[in-house]
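Single-structure report; data block below.
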Amino acid sequence: MKVLIVNTSDISGGAARAAYRLHRSLLDAGVDSQMLVQDKRSDDYTVINLAANKIQKGFNKLRPTIDQLPIKFYKNRTKTLFSPSWFGFNNVIKKIEEINPDIVHLHWICGGMIRVEDLAKIKKPIVWSLHDMWAFTGGCHYDEECRKYLNRCERCKVLGSNKKNDLSRWVWKKKQKTFSKMNNITIIGLSKWVMNASEDSSLLKDKKHINLPNPIDTNVFKPFDKEKARELWKLPKNKKLVLFGAMGATSDIRKGFKELSEALYKLNGENIEFVVFGSSKPQNPPNFKFKTHYLGHLHDDVSLVTLYSAVDVMVVPSLQENLSNAIMESLSCATPVVAFDVGGNSDMIEHKKNGYLAKPFEPQDLANGIEWILNLNEKEYNQLCNNAREKVLREFDSKVVAKKYIELYKEIVRN
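Counting from 11, one number per residue, gives the positions in the sequence shown under this note's numbering.
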């Protein structure tokens, strides 16, 4: 059986890393898997770059910018990503036909990689993993709770638009027309939350849906000696360390940095220090009560493993979240996580068993969760850490998850 994983990039960004992990898990299980990308960053020979030469590579770098051009007319838009996916003129469909897989497994395909209407030209059975809400909205990747995707998109909150026939309406209509022609498609909700939202959506409600998570290699993401980890990162050995990681931690409102900041002010305890990755120290850093270590962007799994292992608790304060790589990685390294009880967080965090699910958007309860974990005695804390690791081994380990995907592929090919 030949599977083709299609994603905008192979290892750049959360969705790319998740899709690549699935690709590697399938290869390890003996499946003939290849990955097709617009932006290849690895040197993996099983990853195929859409660009055949330097000119095409250069042009593909411009595609995300070109795809964003229609959005520039909306001056009141929010910082939530919006993808019109209008720009074609590439050979993605031709390339898929050349590779001739049994299954085309789509993941995150924005950034100018493929036009919406070209999806209907894929002749092979399609499996589509939803890394966010984009597939069933008029272009936003998260809807900021507007819920217009249930009926039809217009007057888009993310675009800051009050017009009925705005860009979101145009994209929604294109998707409606395209999806009506696509019968051989199975939608994968990576979390129960995104699957339920997709099943309720006007665009995808009549498609087959399955809930399957991303896999994680638990032989890579595993506990590392805490003292040694702190030595490597030059972090204090006698402090309680609280970790926060996000792409653009101090800019993207959805990531919940504001709520986290408020929670930190409410924390009691002189023995706490704060660690931030995914963000360099800003010019005017927030005035937290605690010493803060900014570690910038991390680019490899070994760095992540040692960092998760160095801290006492990870906080993921996102206001909307699908199936967070950061939560899964942290739990796999036996580090408990505090997060709001939103999206797919409860798929991974079991309240007070391997972490803490705070009441949505309440900074006080986020602070309660951090303090609850930091104040546990050694025996209770160790049990929480063991539970975190066990949950991932049981439900998200790459061998366990790959087996479920292979069963799904076989069923689709048989039918």
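Quick reminder that beta carbons are idealized off the backbone N, C-alpha and C, glycines included. The structure displayed is predicted, hence computed values, not measured ones.
Q | Environment of residue 374 [buried if 16+ CB atoms lie within 10 Å] | A | Within the sequence shown, the letter at position 364 stands for residue 374. Exposed: under 16 other Cβ atoms inside 10 Å.
Q.
Taking 8 Å as the threshold (C-beta atoms), are residue 214 and residue 145 in contact?
A. Within the sequence shown, numbered from 1, the residue matching residue 145 stands at position 135. Within the sequence shown, numbered from 1, the residue matching residue 214 stands at position 204. Yes, the pair counts as a contact, with Cβ atoms nearer than the cut-off.
Q.
From the DSSP secondary-structure annotation, give me the bridge partner or partners of residue 139.
A. Residue 139 sits at position 129 when you count from the first residue of the sequence shown. Residue 139 is bridged to 198.
Q. Once you ignore the five residues that flank residue 233 on each side, which residues in its own chain have a CB closer than 7 Å to its CB?
A. Here residue 233 refers to the residue found at position 223 of the sequence shown. Here the set comprises 319, 343, 344, 399.
Q: Go ahead and pull the three-state DSSP assignment for residue 227.
A: Your numbering for residue 227 matches position 217 in the sequence shown. Of the three classes helix, strand and coil, the one that applies to residue 227 here is coil, per DSSP.
Q) Which value, in whole angstroms, describes the spacing of the CA atoms of residue 384 and residue 376? A) One-based indexing of the sequence shown puts residue 384 at position 374. One-based indexing of the sequence shown puts residue 376 at position 366. Taking the straight line from one Cα to the other gives about 13 Å.
Q: Could you name the residues of the same chain whose beta carbon sits closer than 6 Å to that of residue 395, not counting the 5 residues immediately before and after it, in chain order?
A: Sequence index remark: in the sequence shown, residue 395 carries index 385 (1-based). Closer than 6 Å at Cβ, skipping near neighbours: 344.
Q) Grouping DSSP H, G and I as helix and E and B as strand, with all else coil, what is residue 368? A) Counting from 1 along the sequence shown, the entry for residue 368 is found at position 358. The answer is strand: DSSP assigns residue 368 an E or B state.
(Q) Given a cut-off of 8 Å on the beta-carbon distance, is the pair residue 219 and residue 201 in contact? (A) Sequence index remark: in the sequence shown, residue 219 carries index 209 (1-based). Sequence index remark: in the sequence shown, residue 201 carries index 191 (1-based). No, they are not a contact pair.
**Q.** Between the CA atoms of residue 238 and residue 190 - distance to the nearest angstrom
**A.** Against the sequence shown, residue 190 aligns to sequence position 180. Against the sequence shown, residue 238 aligns to sequence position 228. Taking the straight line from one Cα to the other gives about 56 Å.
(Q) Using C-beta distances below 7 Å, list every residue in its chain close to residue 25, excluding the 5 sequence neighbours before and after it, in chain order. (A) Mapped onto the sequence shown, residue 25 falls at position 15. Result list for residue 25: 17, 117, 118, 141, in chain order.
Q) For residue 339, which option in 352, 408, 290 has the closest C-alpha, if you only look at C-alpha atoms? A) Locating residue 339 in the sequence shown gives position 329, counting from the first residue. Looking at the Cα atoms, 408 is the closest of the given residues.
(Q) Given this structure, state the Cα-to-Cα distance separating residue 19 from residue 74, to the nearest angstrom. (A) Start at 1 with the first residue of the sequence shown, and residue 19 comes out as number 9. Start at 1 with the first residue of the sequence shown, and residue 74 comes out as number 64. Their Cα atoms are separated by approximately 12 Å.
**Q.** For residue 282, the first and last residue of its enclosing beta strand (DSSP E)
**A.** In the sequence shown, the residue the question calls residue 282 occupies position 272. It spans 282–287 - the beta strand (DSSP E) in which residue 282 sits, taken as one unbroken run.
Q) Between 82, 387, 134, 40, which lies nearest to residue 423 when the distance is taken from Cα to Cα? A) Start at 1 with the first residue of the sequence shown, and residue 423 comes out as number 413. If we check each option's Cα against that of residue 423, 134 comes out closest.
Q) In this structure, does DSSP put residue 18 in helix, strand or coil? A) As a first step, residue 18 is located in the sequence shown; it is residue number 8 there, counting from the start. Residue state, collapsed to three classes: strand.
Q. At a cut of 8 Å, does the region 86–98 reach the region 163–181 through at least three beta carbon pairs?
A. yes
**Q.** residue 312 burial status per 10 Å Cβ neighbour count (16 or more: buried)
**A.** Within the sequence shown, residue 312 is the residue found at index 302, counting from 1. By the neighbour-count rule (16 or more Cβ atoms within 10 Å), residue 312 is not buried but exposed.
Q: Can you say whether residue 290 is buried or exposed, counting buried as having 16 or more other CB atoms within 10 angstroms of its CB?
A: As a working mapping, residue 290 is identified with position 280 in the sequence shown. Classification for residue 290: exposed.
Q. Given that a residue counts as buried once 16 or more other Cβ atoms are within 10 Å of its Cβ, and exposed if not, what is residue 115?
A. Counting from 1 along the sequence shown, the entry for residue 115 is found at position 105. With 16 or more other Cβ atoms inside 10 Å of its own Cβ, residue 115 counts as buried.
Q: Answer yes or no: do residue 124 and residue 13 have a C-beta to C-beta separation smaller than 8 Å?
A: For this step, residue 124 is matched to residue 114 along the sequence shown. For this step, residue 13 is matched to residue 3 along the sequence shown. In this structure, residue 13 does not lie closer than 8 Å to residue 124 by Cβ.
Q. For residue 379, which of helix, strand or coil comes out of DSSP?
A. Mapped onto the sequence shown, residue 379 falls at position 369. Residue state, collapsed to three classes: helix.
Q.
For residue 43, tell me which candidate among 49, 15, 67 has the shortest Cα-Cα distance.
A. As a first step, residue 43 must be located in the sequence shown, where it is residue number 33. Selected option, being the one with the closest Cα: 15.
Q: Following the continuous alpha helix (DSSP H) through residue 189, name the residue where it begins and the one where it ends.
A: Residue 189 sits at position 179 when you count from the first residue of the sequence shown. Here the alpha helix (DSSP H) through residue 189 covers 177–189.
Q.
On the DSSP bridge list, what partners appear for residue 304?
A. Counting from 1 along the sequence shown, the entry for residue 304 is found at position 294. 286, per the DSSP bridge assignment.
(Q) Taking its Cβ as the centre, do 16 or more other Cβ atoms sit within 10 Å of residue 151, making it buried, or is it exposed? (A) Your numbering for residue 151 matches position 141 in the sequence shown. Burial of residue 151 is indicated by the presence of at least 16 other C-beta atoms within 10 angstroms of its C-beta.
Q. Could you check where the alpha helix (DSSP H) with residue 109 kicks off and where it finishes?
A. As a first step, residue 109 is located in the sequence shown; it is residue number 99 there, counting from the start. Run containing residue 109: 102–109, per the alpha helix (DSSP H) assignment.
Q: Mark residue 354 as exposed unless 16 or more other C-beta atoms lie within 10 angstroms of its C-beta, in which case mark it buried.
A: Position 344 of the sequence shown, counted from the start, is the residue given in the question as residue 354. Buried: at least 16 other Cβ atoms inside 10 Å.
**Q.** Identity of the residue in 421, 413, 418, 346 nearest residue 37 by Cα
**A.** Here the question's residue 37 lines up with position 27 in the sequence shown. It is 413.
Q: Inspect the CB distances between the region 158–166 and the region 100–112 and report whether three or more fall short of 8 Å.
A: Flag = no, the region 158–166 and the region 100–112 do not touch.
Q | Closest Cα partner of residue 463 within the set 280, 282, 243, 306 | A | No statement about residue 463 is possible, as the shown extent of the chain runs from 11 to 425 and does not include it.
Q. Where does residue 255 fall in DSSP's three states?
A. On the sequence shown, position 245 is the one that residue 255 refers to. DSSP places residue 255 within a strand segment (E or B) once states are collapsed to three.
**Q.** Test item: CB-CB of residue 76 and residue 52 under 8 Å
**A.** Position 66 of the sequence shown, counted from the first residue, corresponds to residue 76. Position 42 of the sequence shown, counted from the first residue, corresponds to residue 52. Taking the C-beta atoms as reference points, residue 52 is found no nearer than 8 Å to residue 76.
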